[in-house]
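Peer 1: Pasting in a structure now, in structure tokens, and then I'll have a few things to ask.
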Amino acid sequence: MGSLYSDIPTWLHRVPAGLKLLALAGLGMGLMGAQQWPLLLAVSAVCVLIFVSLGAASVRAKPLVMGVLMASALVAGFHVWMAQPMLAAVTVMRLISATLMGITLTLTTRYTDLLGVFEWVLSPLQKLGLRTDRFALQLALMLRFTEHFFVMWRRLDDAYRLRTGQSGGFKILAPLTIQMLFTTRRVADALTLRLRR
Amino acid sequence: MNTSTLSLALVSLFAALIAVFGLIPKIDLPLGVPITLQTLGVMLAGCMLGPKRALQALVLFLAAVALGLPLLSGGRGGIGVFFAPASGYLIGWPLGAFVTGWVMSLLPTSSPRRSAISAFMASVVGGLLVVHVCGVIGLVHIANLTWEQAIMGTLVFVPGDLIKCALCATVVHTVARGLPDWRFGG
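Chains A and B are the protein sequences, given in the same order.
Per the numbering used here, the first sequence starts with residue 1, numbered consecutively.
Per the numbering used here, the second sequence starts with residue 1, numbered consecutively.
Shown next as structure tokens:
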């Protein structure tokens, strides 16, 4: 399973992940409080320019951008229908600015770099007894289990088809869950051995 | 078996289950209302893992989404989704899973039938009510809808979510028969 990160280098790829996340957090908080439409218009214009400056790297995010535009059009249409055009404009500008910058961050930052920032941010929680160093391991396990789910689903579906001549559909969800729980117990045993080394 | 590594593996498993449900295409009810299966994953995580581990599973899943993995239905992912109008529902998932697990831990699970009924009730409270309340709050604050508009907008998804509660109860019933030693609700 691939991430949404784009390998095509842009000027934003060189900016550290932590700095980009901080800028996005600041933008998000600022947008939530801003009501003046000239300020929002200026911020939206800058955000669109930043996104467009990514050039070919932004092509990968086309489905996401279309989704944002559709959601914005629906929200704007609703507010206009309720005779609130200014509210429509303010809401759409906030939505487009924040989501475009979120998409830009995702396109230009490797998930391993973001993971490093998240682990650093969460590290003070270790004093409260939380094992934040296991986060990367859980993420890797999650991805591995996702692939294994499809393998197991296919196997159970094939067995169901052999017996009944039809696809199992949701009937195999419960046996799939049981099989995955058994797998998890075996994985936990293996982890106990490895993590103690 | 070390319970710490079992918890680690179970949290990852149910985060993966929610990712798998996001990869399954949505089902359209009459009148074009879509049902996606990811809230079923939220309900199952709560009923099967209990409040604390279910919360961890959903936090792990949302962290993976924030890192850019396209795990939401329709191949969506990245930090941008947390600024969209539906982000209230996303934030509601960990809370919904926690409440589902908490309610499940309070209800009887001494037989498969009782476990299924408890799972249905826990799913309605956590997976349906809590998630929709968070979704409505998100719609009010991000899409600037009024409370009445947001509530009316969210009600259309309730029939599909009730079906998912029933499906969750069915899965719990089968797991209770197949794994009699499983502790529902953590």
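We put the beta carbon where it would ideally sit given N, CA and C, even for glycine.
Got a sec, what are the start and stop residues for the alpha helix (DSSP H) A/Phe135 sits in?
Peer 2: Per DSSP, A/Phe135 belongs to the alpha helix (DSSP H) from Phe135 to Thr164.
Peer 1: Look at the alpha carbon of A/Ala34 and the alpha carbon of B/Ala169, and state the distance between them as a whole number of angstroms.
Peer 2: Answer to the nearest angstrom: the Cα atoms are 45 Å apart.
Peer 1: Let me check understanding here. Comparing Cα to Cα, which of A/Ala17, A/Ala140 and A/Thr106 lies closest to A/Phe51?
Peer 2: Answer by Cα proximity: A/Thr106.
Peer 1: To which residues does DSSP link B/Leu72 through a beta bridge?
Peer 2: B/Arg76.
Peer 1: Return no unless some Cβ of chain A is closer than 9 Å to the Cβ of B/Thr100.
Peer 2: Chain A contact via Cβ: absent.
Peer 1: Note the first and the last residue of the continuous alpha helix (DSSP H) segment covering B/Phe193.
Peer 2: Given a span of 1 to 186 for chain B in the structure shown, any question on residue 193 of chain B remains unanswerable.
Peer 1: Are there 16 or more other CB atoms within 10 angstroms of the CB of A/Thr99, so buried, or fewer, so exposed?
Peer 2: Label assigned to A/Thr99: buried.
Peer 1: In three-state DSSP terms, what is A/Met82?
Peer 2: Of the three classes helix, strand and coil, the one that applies to A/Met82 here is coil, per DSSP.
Peer 1: Going along chain A, which residues have a C-beta under 8 Å from B/Phe184?
Peer 2: Within chain A, no residue comes near B/Phe184; the closest Cβ sits about 12 Å away, beyond 8 Å.
Peer 1: Thinking C-alpha only, which one of B/Ala9, B/Trp93 and B/Leu60 is nearest B/Gly135?
Peer 2: Closest by alpha carbon: B/Trp93.
Peer 1: Return the residues of the stretch 88 to 122 of chain B that lie within a Cβ-Cβ distance of less than 7 Å from chain A, sorted by chain order.
Peer 2: Listed by position along the chain: nothing, the set is empty.
Peer 1: For the stretch 37 to 51 of chain A, which residues have a beta carbon sitting closer than 9 Å to at least one beta carbon of chain B?
Peer 2: Those would be none; no residue qualifies.
Peer 1: For the stretch 59 to 77 of chain B, enumerate the residues whose C-beta is nearer than 9 Å to any C-beta of chain A, in chain order.
Peer 2: Listed by position along the chain: Leu60, Phe61, Ala63, Ala64, Ala66, Leu67, Gly68, Leu69, Pro70, Leu71, Gly74, Gly75, Arg76 and Gly77.
Peer 1: Could you name the residues of the same chain whose beta carbon sits closer than 6 Å to that of A/Ile103, not counting the 5 residues immediately before and after it, in chain order?
Peer 2: Hits under 6 Å: Ala61 and Leu64.
Peer 1: Is A/Val80 close to chain B, meaning its C-beta is less than 9 Å from at least one C-beta of that chain?
Peer 2: No - not a single Cβ of chain B is within 9 Å of the one on A/Val80.
Peer 1: Assuming contact is defined by CB atoms lying nearer than 9 Å, are B/Leu60 and A/Phe135 in contact in what I supplied?
Peer 2: It is a contact, given that the beta carbons lie within the stated cut-off.
Peer 1: Contact defined as beta carbons within less than 8 Å: I believe B/Gly50 pairs with B/Ser105. What is the distance between those atoms, to the nearest angstrom?
Peer 2: Yes, B/Gly50 and B/Ser105 are in contact; Cβ-Cβ is about 6 Å, under 8 Å.
Peer 1: Could you check how far apart the C-beta atoms of A/Ala88 and A/Val80 are, in whole angstroms? I think they sit under 8 Å.
Peer 2: Rounded, the Cβ-Cβ distance is 5 Å, consistent with contact.
Peer 1: Might you give, ordered along the chain, the residues of its own chain that have their beta carbon closer than 8 Å to the beta carbon of A/Leu115, omitting 5 neighbours on each side?
Peer 2: Only Phe135, Ala136 and Leu139 meet the Cβ criterion.
Peer 1: Taking 9 Å as the CB-CB cut-off, is A/Tyr111 touching chain B?
Peer 2: Interface residue, yes.
Peer 1: Let me see if you follow: with CB-CB separation under 9 Å, is B/Val42 close to chain A or not?
Peer 2: No, its Cβ sits nowhere closer than 9 Å to a Cβ of chain A.
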